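In UniProt numbering, the protein residues as written are 1 to 349.
For each residue, glycine too, the CB sits at the ideal point set by N, CA and C.
Bear in mind that the values here come from a model prediction, so they are computed numbers and not experimental data.
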Amino acid sequence: MRGVIFKGDRVLEIQEFADPEPGPDEVVLAMKASGMCGSDLHFYRAPAGQALAAFGMTGDDAGFIGGHEPCGVVAAIGTAVDPRAVRVGDRMMVHHYDGCGFCDLCRTGWPQMCERGNVIYGATAHGGHADYLKVPARTLVPLPDELSFAAGAAISCGTGTAYGALTRLQVNARDTLAVFGQGPVGQAAVQLAAAMGAEVIAVDIAAERVARAKEFGAAHALDSTSVDPVEAIRELTGGKGVTKALDCSGAPPARAAAVKSAAKWGSVAFVGEGSTVTLDVSPDLIRKQLTVVGSYTFSPVGQADCARFIARHGVEADRVFTDRWRLDDAVEAYTAFDKQTGGKAVIEF
Numbered sequence: 001m002r003g004v005i006f007k008g009d010r011v012l013e014i015q016e017f018a019d020p021e022p023g024p025d026e027v028v029l030a031m032k033a034s035g036m037c038g039s040d041l042h043f044y045r046a047p048a049g050q051a052l053a054a055f056g057m058t059g060d061d062a063g064f065i066g067g068h069e070p071c072g073v074v075a076a077i078g079t080a081v082d083p084r085a086v087r088v089g090d091r092m093m094v095h096h097y098d099g100c101g102f103c104d105l106c107r108t109g110w111p112q113m114c115e116r117g118n119v120i121y122g123a124t125a126h127g128g129h130a131d132y133l134k135v136p137a138r139t140l141v142p143l144p145d146e147l148s149f150a151a152g153a154a155i156s157c158g159t160g161t162a163y164g165a166l167t168r169l170q171v172n173a174r175d176t177l178a179v180f181g182q183g184p185v186g187q188a189a190v191q192l193a194a195a196m197g198a199e200v201i202a203v204d205i206a207a208e209r210v211a212r213a214k215e216f217g218a219a220h221a222l223d224s225t226s227v228d229p230v231e232a233i234r235e236l237t238g239g240k241g242v243t244k245a246l247d248c249s250g251a252p253p254a255r256a257a258a259v260k261s262a263a264k265w266g267s268v269a270f271v272g273e274g275s276t277v278t279l280d281v282s283p284d285l286i287r288k289q290l291t292v293v294g295s296y297t298f299s300p301v302g303q304a305d306c307a308r309f310i311a312r313h314g315v316e317a318d319r320v321f322t323d324r325w326r327l328d329d330a331v332e333a334y335t336a337f338d339k340q341t342g343g344k345a346v347i348e349f
């Protein structure tokens with residue numbers, strides 16, 4: 001089979017590998033879609049073996065097939081896999097983390113937070129930028145028939161992350177929600193929150209992303225390079241601020257604006273990774289009785305719930321993809337993706 005290896009320093013190779021055979025508790029997926037995520041660019045750009053350090057993690061990432069947004073069809077099943085749960089031909093997403101399986105965090109569905117360390121498919125183990133992917137059967141999440149494989153790839157990372165944050169915020173039709181950052185996660189958050197009935201205010205610094213936000217369901221879209229988003233949000237909400245705010249950017253100004261734009265007794269979630277934020281604690285948090293949470297991806301149960309919600313409400317999750325590529329075009333695909341002038345991309349099979 002073919003697989004994409006990030007060599008570092010903006011070099012990648014399509015290499016040949018032996019077709020995988022499942023162990024007793026494993027399955028092999030024939031890949032149908034593998035999303036390209038902004039975090040993949042760390043592995044593309046960093047010196048060989050040093051991308052994990054950019055995430056504050058230890059370990060050697062050299063030599064692994066990339067792609068942590070896999071979606072495909074079950075091609076082979078290990079001898080110990082329960083056929084009542086998984087069968088050849090099943091359409092499946094992958095929860096791209098695995099842990100020890102025994103600590104409290106693993107047992108409650110959060111292997112990415114495993115107390116003994118985790119595996120990340122596409123980072124510390126082979127991922128989905130390949131013809132086939134071998135994973136433990138417990139990492140599989142069913143893909144509803146109504147959804148495309150590209151939608152499944154989106155749910156397997158960015159869209160699932162947006163859904164996880166919105167459920168942490170308990171967004172509903174009574175809410176006004178400000179979403180800061182209109183990259184793929186922010187776009188998905190706008191789509192999902194609009195389907196939940198919230199009035200959504202989208203904020204970004206890029207004019208083209210601001211313009212596209214209404215296509216994803218935003219009631220209002222603000223370019224924070226031309227208006228003060230906090231003041232604009234107050235005007236839109238009769239001086240009160242939003243009941244909920246979500247930062248998907250990881251940028252310090254956006255994080256601070258998310259907090260400042262929230263109404264009294266409001267809630268704010270951070271999902272954008274990295275960097276810092278400076279707040280004036282008394283007026284920004286304490287005297288507003290504000291709730292601030294960090295939301296880190298999602299559990300397999302949350303991923304399945306996200307997929308069902310999208311299918312039930314007709315959310316076009318694969319609209320976040322502006323570029324579609326074939327595996328043989330991976331070099332060209334990442335050269336284009338590295339420029340960050342378009343949207344999200346996916347490799348399809």
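* Asked: Can you list, in chain order, the residues of its chain whose CB lies under 6 Å from that of Asp175, leaving out five sequence neighbours each side?
  -> Ala198, Thr243 and Lys244
* What are the start and end residues of each continuous alpha helix (DSSP H) run of 4 or more residues lying completely inside the region 56–118, in chain order? -> Every unbroken stretch of the alpha helix (DSSP H) spanning 4 or more residues and falling wholly within the region 56–118 is given here in chain order: 104–107.
* Asked: When the Cβ atoms of the region 122–130 are set against those of the region 159–168, are three or more pairs found closer than 8 Å?
  -> no
* Are at least three pairs of beta-carbons, each pair with one atom in the region 25–35 and one in the region 58–76, less than 8 Å apart? -> Segments in contact, yes.
* To do: Assign Val315 to one of three DSSP states: helix, strand, or coil.
  => coil
* Could you name the residues of the same chain whose beta carbon sits closer than 6 Å to that of Val315, not counting the 5 residues immediately before and after it, in chain order? => Gln191 and Ala195
* Whole angstroms is fine: what's the gap from Thr139's alpha carbon to Val293's? => 26 Å
* What first and last residue would you give for the alpha helix (DSSP H) that runs through His42? -> Asp40 to Arg45
* Asked: For Pro136, does the three-state DSSP call read helix, strand or coil?
  -> Taken through DSSP and simplified to helix, strand or coil, Pro136 comes out as strand.
* Asked: Where does Phe270 land, buried or exposed, given buried means 16+ other C-beta within 10 angstroms?
  -> buried
* Asked: Is there contact here, the region 275–290 with the region 198–218, by at least three beta-carbon pairs under 8 Å?
  -> no
* Can you grab the Cα-Cα spacing for the pair Gly181 / Lys339, in whole Å? => 18 Å
* **Where the alpha helix (DSSP H) through Leu166 begins and ends** => Gly158 to Leu169
* What whole-angstrom Cβ distance do Ser267 and Thr291 have, given they're in contact under 8 Å? -> 4 Å
* Where does Trp110 land, buried or exposed, given buried means 16+ other C-beta within 10 angstroms? -> buried
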